[in-house]
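**Q**
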Amino acid sequence: MFSWKQVSALLIFAALIIGCAGSGWATRDIPQDPNYLFAWGEAESRQLQLAFNKAELNARAVIARELETKLNNLQKSFAEEIGAGRDMELLTMYTEATKAVTSAQLIGSKVRKQEHKEGKEIYKVRVFIEYPIGEANSALMAQIKRNQNLYIRFRASEGFKELDDEVRKYEEYKKSQGQY
Amino acid sequence: MNLSSRGIPVVFVLIITMSTGLPRSYPRWFLQQSKTGCPDLVVGYSRSFKNRDSSVDYAFRNGCVNYIRQKHTFISGGQAFWDTEIGAFWLGSDIEETFDTARVEPAMEHLKVVDTFYSDHMTAVLLSPSECRISSTMKSRQGLSGKKTPSWVSRLPKDGRYEYALGVAQSYYYEPSSWLEAERSARKSLAGALFSIVRSLEKQAEQYSAVVDESLSVHLANIEVVERWRETGSGIYYVLIRMPR
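Below, the structure is given as structure tokens:
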């Protein structure tokens with residue numbers, strides 16, 4: 003027979019395990035690689051495909067935000083005086099409004115891992131996306147140049163100019179390091 | 246009939262499995278298409294009709310459409326979500342695939358049936374544009390139950406020659422619809438990986454909300470299906486595709 007102390011210890015241990023389980027997903031480690039941006043996207047839906055679409059887009063939105071976000075902070079603070087004399091109470095109300103606009107063209111944002119769980123009539127999905135920057139951009143440019151249709155469309159975009167600038171900077175850096 | 250205590254659950258499981266009507270095994274060429282050794286293969290699907298020839302005929306036509314789609318597809322349109330503190334809401338999608346339908350008839354002239362798979366609910370044909378002989382091993386059946394889920398279902402392969410994408414679909418009433426939806430979802434995922442424009446507007450005041458919009462405009466060429474898998478427990482269909490870099 004177990005003593006009440008043993009039972010209590012077991013219960014505490016079980017509670018710790020359940021508590022640590024969190025959302026039930028495995029680890030959310032994000033690797034460190036200067037050539038890539040990484041992001042997890044999570045979503046749930048009664049439709050499996052919709053859950054995957056949302057999760058993918060969420061992850062892409064995170065990457066897009068990291069790449070190009072225009073933050074517009076609107077902050078208002080005001081104080082209101084209520085009462086008078088000694089009973090005067092200063093009530094400070096502080097409100098904060100933030101707007102963030104993101105617009106980015108992502109070329110080569112690949113899904114690397116995906117997981118799903120089935121809840122009660124609902125699918126929970128999470129997707130891990132990687133986005134190449136730095137050296138990977140050079141390879142991507144070569145690939146894009148092979149696809150003429152896509153390339154013509156892409157060349158007209160701001161995204162092309164940005165990528166081209168980055169690749170040029172990177173190539174100049176490589177030259178300066180004697181890598182050619 | 247006198248059933249032992251062990252026999253009852255076995256019979257019960259058997260009845261449930263049979264009542265779903267889904268095949269418990271598929272030919273290896275269906276599950277591991279890229280390992281057949283022939284280039285440019287394509288699979289066509291159809292519901293299984295009483296007349297087997299009709300099923301094969303429908304599957305053949307579907308295979309020809311899939312063949313043209315794999316050769317060249319243009320994916321365009323967009324989708325948007327409204328993200329709030331209580332969850333994300335779908336605002337709609339107009340993503341569509343277009344391909345040259347005029348090329349389907351000529352494809353029907355030169356594609357040949359390499360092998361056929363027939364089950365109660367689905368007929369699948371393997372088509373090839375060239376002379377192709379697949380081994381008896383590739384024609385043999387591979388069961389799904391008890392098999393370990395392939396690693397590519399959760400972690401996509403990575404190599405220098407191809408871009409990979411995974412498509413998923415839940416179980417629809419007609420099995421071919423599930424496989425076709427998984428293939429379509431894989432093409433959409435591949436298009437998103439190659440080129441997408443993401444725009445979002447987030448607002449944080451007393452409550453957080455964001456509208457996220459994604460636009461696609463991508464040509465896909467020379468896609469091939471690498472592998473297929475069906476999770477017997479959850480009934481989820483997976484298709485792994487790739488496109489040369």
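Chains E and P are the protein sequences, given in the same order. Quick note, my numbering runs 2 ahead of the 1-based positions in the first sequence. Quick note, my numbering runs 245 ahead of the 1-based positions in the second sequence. Glycine is no exception: its CB is placed at the ideal position from the N, C-alpha and C atoms. Predicted, not measured: the structure shown is a model, and the values here were computed from it.
Could you give the DSSP three-state label for Leu76/E: helix, strand or coil?
**A** For this step, residue 76/E is matched to residue 74 along the first sequence. With a pLDDT of 45 at Leu76/E, under the threshold of 50, the modelled position of that residue is not reliable, and no figure is offered here.
**Q** Could you give the DSSP three-state label for Gly480/P: helix, strand or coil?
**A** Start at 1 with the first residue of the second sequence, and residue 480/P comes out as number 235. Residue state, collapsed to three classes: coil.
**Q** So what does DSSP say about Glu428/P, is it helix, strand or coil?
**A** Taking the second sequence and counting its residues from 1, one reaches residue 428/P at position 183. If DSSP states are grouped into helix, strand and coil, Glu428/P belongs with the helices.
**Q** For Val301/P, which residues from the same chain have a beta carbon less than 7 angstroms from its beta carbon, with the 5 sequence-adjacent residues on both sides left out?
**A** Translated into the one-based positions of the second sequence, residue 301/P becomes position 56. Contacts found: Thr361, Thr368 and Val370.
**Q** Name the two residues that bound the continuous beta strand (DSSP E) containing Val457/P.
**A** The sequence position of residue 457/P within the second sequence is 212, counting from 1. Start and end: Tyr453 to Ala466.
**Q** Between the Cα of Leu276/P and the Cα atoms of Pro489/P, Met488/P and Tyr482/P, which residue gives the shortest distance?
**A** As a position in the second sequence, residue 276/P is number 31, starting the count at 1. Checked all of Pro489/P, Met488/P and Tyr482/P; the closest Cα to Leu276/P is Tyr482/P.
**Q** Using the Cβ count rule (16 or more neighbours within 10 Å means buried), how would you classify Phe294/P?
**A** Here residue 294/P is taken as the residue at index 49 of the second sequence, counted from 1. Flag for Phe294/P reads exposed.
**Q** Can you round the beta-carbon distance between Ala414/P and Ser430/P to whole angstroms, since I take them to be within the 8 angstroms contact cut?
**A** As a position in the second sequence, residue 414/P is number 169, starting the count at 1. As a position in the second sequence, residue 430/P is number 185, starting the count at 1. Indeed, because the Cβ distance is near 6 angstroms, the residues count as touching under 8 angstroms.
**Q** Please list, in chain order, the chain E residues whose beta carbon lies closer than 7 angstroms to that of Arg444/P.
**A** For this step, residue 444/P is matched to residue 199 along the second sequence. In chain order: Thr104 and Ser105.
**Q** Leu69/E to Leu50/E, Cα distance in whole Å?
**A** As a working mapping, residue 69/E is identified with position 67 in the first sequence. As a working mapping, residue 50/E is identified with position 48 in the first sequence. Using only the alpha carbons, I get a separation of about 29 angstroms.
**Q** So what's Arg487/P in DSSP terms, helix, strand or just coil?
**A** Working through the second sequence from its first residue, we reach residue 487/P at position 242. It is a strand residue.
**Q** What does the alpha-carbon distance come out to for the pair Lys316/P and Ser399/P?
**A** Against the second sequence, residue 316/P aligns to sequence position 71. Against the second sequence, residue 399/P aligns to sequence position 154. Rounded to whole angstroms, Lys316/P to Ser399/P spans 27 angstroms at the Cα level.
**Q** Mind pulling the chain E residues with CB within less than 8 angstroms of Val457/P?
**A** One-based indexing of the second sequence puts residue 457/P at position 212. What Val457/P touches in chain E: Leu59, Asn60 and Ala63.
**Q** Nearest CA to the CA of Val463/P: which residue from Arg348/P, Val287/P, Phe344/P and His366/P?
**A** Within the second sequence, numbered from 1, the residue matching residue 463/P stands at position 218. Comparing Cα-Cα distances from Val463/P to each of Arg348/P, Val287/P, Phe344/P and His366/P, the minimum goes to Phe344/P.
**Q** Pick helix, strand or coil for Ser396/P, following the three-state DSSP scheme.
**A** What you label residue 396/P is simply residue 151 of the second sequence in a count that begins at 1. Correct three-state label for Ser396/P: helix.
**Q** Would you mind telling me which residues of chain P sit closer than 9 angstroms to Lys115/E, beta carbon to beta carbon, in chain order?
**A** Along the first sequence, one-based indexing puts residue 115/E at 113. Ordered by position in chain P, the residues that pass the 9 angstroms Cβ test against Lys115/E are Ser399, Arg400 and Leu401.
**Q** Which residues does DSSP pair with Pro525/P in a beta bridge?
**A** Since the first residue of chain P shown is 246 and the last is 490, residue 525/P is not available in this structure.
**Q** Could you give the residue range of the alpha helix (DSSP H) that holds Gly308/P?
**A** Working through the second sequence from its first residue, we reach residue 308/P at position 63. Element bounds for Gly308/P: Arg297 to Lys316.
**Q** Glu117/E and Ala128/E - do their beta-carbons sit closer together than 7 angstroms?
**A** Translated into positions along the first sequence, residue 128/E becomes position 126. Translated into positions along the first sequence, residue 117/E becomes position 115. Checking the displayed sequence, the identity of residue 128/E turns out to be Arg instead of Ala. Their beta carbons are under 7 angstroms apart, which means Arg128/E touches Glu117/E by this criterion.
**Q** Counting only C-beta atoms, is Ala45/E closer than 7 angstroms to chain P at any point?
**A** For the purposes of this step, residue 45/E is taken as the residue at position 43 of the first sequence. Judged by the 7 angstroms Cβ criterion, Ala45/E is in contact with chain P.
**Q** Excluding sequence positions up to five away, which residues of its chain have a Cβ less than 7 angstroms from the Cβ of Ser270/P?
**A** Locating residue 270/P in the second sequence gives position 25, where the first residue counts as 1. Same-chain partners within the cutoff: Arg386, Gln387, Gly388 and Leu389.
**Q** Considering only residues of the same chain and omitting the five flanking positions on each side of Ser423/P, which have a CB-CB separation below 6 angstroms?
**A** Counted from its first residue, the second sequence places residue 423/P at position 178. Closer than 6 angstroms at Cβ, skipping near neighbours: Ala414, Ser416, Tyr417 and Tyr482.
**Q** Assuming the contact rule is C-beta atoms closer than 8 angstroms, Ile442/P and Glu469/P should be a hit. Round their C-beta distance to whole Å, please.
**A** Here residue 442/P corresponds to residue number 197 of the second sequence, with the count starting at 1. Here residue 469/P corresponds to residue number 224 of the second sequence, with the count starting at 1. Going by Cβ atoms, the distance from Ile442/P to Glu469/P rounds to 27 angstroms, so no, they are not a contact pair.
**Q** Look up Gly282/P in the DSSP assignment and give the residues it is bridged to.
**A** What you label residue 282/P is simply residue 37 of the second sequence in a count that begins at 1. In DSSP, Gly282/P forms no bridge with anything.
**Q** Just curious, the alpha helix (DSSP H) that Phe54/E is in, first and last residue?
**A** For the purposes of this step, residue 54/E is identified with residue 52 of the first sequence, where counting begins at 1. Unbroken alpha helix (DSSP H) run through Phe54/E: Leu50 to Leu69.
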